[in-house]
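To start, the structure itself, in structure tokens.
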Amino acid sequence: MFENIIGQSAVVGTLRTELEAGTFPASVLLYGPPFSGKLSTALEIARVLTCHREAEWACGCPSCRKQRLLVHPNTVLMGFRYFELEIAASADTLRRNPRTASQYLFIRAVRKLTRRFDPQLWEGEDSRVRSLQPVLTEVEERLDGVLPAADGGAGLSGKKLEDQLNKLQELCRKLAAALSVETIPINQLRRAAAWLHMTALNAPAAGSGAARKIVVLENADRMYDASSNSLLKLLEEPPREVHLILITTRRGALIPTVRSRLRPYLFVERDREADGQVLKRIFHVEGEDYQSLREYFLYWNDVNPQMLRSLAQRFIRAVLGGTVDVQRGSVPPPGAAAAADPEARKILDELTETVSSRYDRARKDRSFVSSFFEELLRQLHLLLRQGGMSPFRLDRWNRAIREQLASFESFNQQPALTLESLYYTLRGLE
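Residue numbers for the sequence shown follow the working numbering, so the first one is 1025 and each next one is one higher.
Okay, here's the thing in structure tokens:
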């Protein structure tokens, strides 16, 4: 088990031990940086928990086959994700390497999206789902053309496969647009809880893989108080044979009462060698072309990582008065920013225009703004490692940046207002 998880040996070792010993808890939190394998790990946990046999990697039991295709009825996926980027990257992989592994990679990328429309999550909103049903049906029909012939699919190739991939990407864009990116709707959490309680009443004997129900909640930090409280009730009294797997990049954004009821599992940021293995083994690209898996996906979002890095460094220089050398870790003393305020204002205006134009041009592309904030955090940690910033100062800045990002994502703020607010907040923390 977990042979598909690269560069996370510590957490994978712990999970394997607990699953084999039968001590894996009912409610867990997988947390760590983006692109560190958290969802892939959650899906492998679901496969192991529902396996009818010994849960070996190549298990061919009916449950494992369904889990690999992401069609298992006892596993529910919730929360937002970078669906379109993953589907586009997987389609490109399949075009360049039309092999079985690439076919499954693409099918799973699509179903990570379509499973967000499971009927049990949308009960009572029939009119909204009804309008999307033809799209969902067509997606499933077209996925048959991608599935290998040995597994019952059409096994298309050449131009027919290319046409199928293009059409599937077009359909998936429509589905992704229908999902909330700001928060996890409380109604969906309540319906998931009702489904878990209802199915638990009819579950087979405890300890049977067939009995277990799993809910995977991605970006679990994106919950309003009402949603968090609804989740808290489920965590306090979980039905038997139920597992809740929460995933987040921001553990601290979860309310303490929810966080205290979850067993945490930390995913570290992969080093360049591990990222290179992921790129080569899964996406069939040479890791030397990219510094990280994150950089690979930035390119798929039409974002130049070097440009993003430059924007973040210039923003930090603007806050600190234009005299900071982010590359060398040189930070001016408190108060130095005030003397260079006109120049800092000029840089801030330019940065605001650059970020806002991308946001408007790409139809309110929040992912670009979020990527900018993530790059800010990365550059600040670089300063810390180089001795150019104290841990105390970094902690305050880190908290301020994350709070501002949460406000941007939750309240639909304009990038200009967000950057302006962050600028003066950080200046006030000197």
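For glycine and all other residues, C-beta sits at the position ideal for the given N, C-alpha and C. As the structure is a prediction and not an experimental result, all values here were calculated from the model.
Measuring CA to CA, which of the options is closest to residue i?
i: Glu1162; options: Arg1154, Leu1192, Lys1183, Gly1182; result: Leu1192
i: Ala1142; options: Phe1130, Ala1133, Leu1156; result: The amino acid at residue 1142 is misidentified as Ala; the sequence shows Asp. Ranking Phe1130, Ala1133, Leu1156 by Cα distance to Asp1142 puts Leu1156 first.
i: Val1095; options: Phe1107, Leu1067, His1076; result: Leu1067
i: Leu1404; options: Arg1338, Asn1211, Arg1197; result: Arg1338
i: Arg1296; options: Leu1290, Leu1408, Arg1318; result: Arg1318
i: Arg1456; options: Ala1244, Ser1251, Val1239, Leu1185; result: The first residue shown for the chain is 1025 and the last is 1454, placing residue 1456 beyond what the model contains.
i: Leu1372; options: Val1170, Arg1139, Leu1335, Leu1407; result: Leu1335
i: Arg1154; options: Val1170, Ala1202, Pro1049; result: Ala1202
i: Ala1216; options: Ser1254, Ala1277, Ile1111; result: Ser1254
i: Ala1115; options: Lys1062, Asn1422, Arg1089, His1308; result: His1308
i: Leu1160; options: Arg1140, Leu1171, Asp1175, Val1170; result: Arg1140
i: Glu1027; options: Val1302, Ser1414, Gln1428, Leu1441; result: Val1302
i: Ile1029; options: Trp1081, Ala1050, Ile1111, Leu1270; result: Trp1081
i: Glu1164; options: Tyr1106, Trp1146, Ala1133; result: Ala1133
i: Met1222; options: Gln1144, Gly1169, Ala1298; result: Gln1144
i: Arg1092; options: Ala1173, Ala1070, Ser1395; result: Ala1070
i: Leu1063; options: Tyr1314, Lys1136, Leu1118; result: Lys1136
i: Phe1048; options: Gly1056, Trp1324, Val1072, Pro1058; result: Val1072
i: Leu1256; options: Leu1446, Arg1214, Arg1264, Arg1409; result: Arg1214
i: Asn1422; options: Ile1340, Ala1125, Arg1197; result: Ile1340
i: Arg1077; options: Glu1044, Thr1272, Ser1252, Glu1377; result: Glu1044
i: Gln1127; options: Gly1056, Pro1158, Arg1166; result: Arg1166
Quick one, are the C-beta atoms of residue i and residue j less than 8 Å apart?
i: Arg1451; j: Glu1399; result: no
i: Leu1180; j: Gln1188; result: yes
i: Lys990; j: Val1282; result: Past the edges of the chain, shown from 1025 to 1454, lies residue 990, and the structure says nothing about it.
i: Ile1306; j: Leu1054; result: no
i: Ser1087; j: Arg1294; result: no
i: Leu1453; j: Ala1430; result: no
i: Arg1329; j: Val1393; result: Contrary to the premise, residue 1329 reads as Pro rather than Arg in this sequence. Contact flag unset, no.
i: Thr1138; j: Leu1185; result: no
i: Val1052; j: Phe1291; result: no
i: Leu1220; j: Leu1241; result: no
i: Arg1246; j: Thr1207; result: yes
i: Leu1109; j: Phe1397; result: no
i: Ala1250; j: Ile1279; result: no
i: Leu1270; j: Leu1258; result: no
i: Ala1050; j: Pro1288; result: no
i: Leu1406; j: Leu1418; result: no
Chain B beta carbons: is any one of them nearer than 8 Å to that of residue i?
i: Thr1161; result: Protein chains in the displayed structure number just one, and chain B is not present.
Can you tell me which residues form a DSSP beta bridge with residue i?
i: Leu1101; result: Val1240
i: Ser1051; result: Leu1268
i: Pro1288; result: Leu1053
Less than 8 Å between the CB atoms is what I'm expecting for residue i and residue j, so what's the real figure, rounded?
i: Asn985; j: Thr1065; result: One cannot answer for residue 985 here, as it falls past the ends of the chain, which runs 1025 to 1454.
i: Leu1443; j: Leu1375; result: 7 Å
i: Val1239; j: Met1102; result: 7 Å
i: Ala1298; j: Gly1031; result: 3 Å
i: Leu1171; j: Ile1131; result: 7 Å
i: Ala1342; j: Tyr1447; result: 7 Å
Problem set entry | alpha helix (DSSP H) segments (min. 4 residues) lying fully within the stretch 1081-1147 | 1086-1092, 1107-1120, 1124-1138, 1143-1146
Exercise. Counting only runs that start and end within the stretch 1175-1202, where is the alpha helix (DSSP H) found for 4 or more residues in a row?
Worked result: 1182-1201
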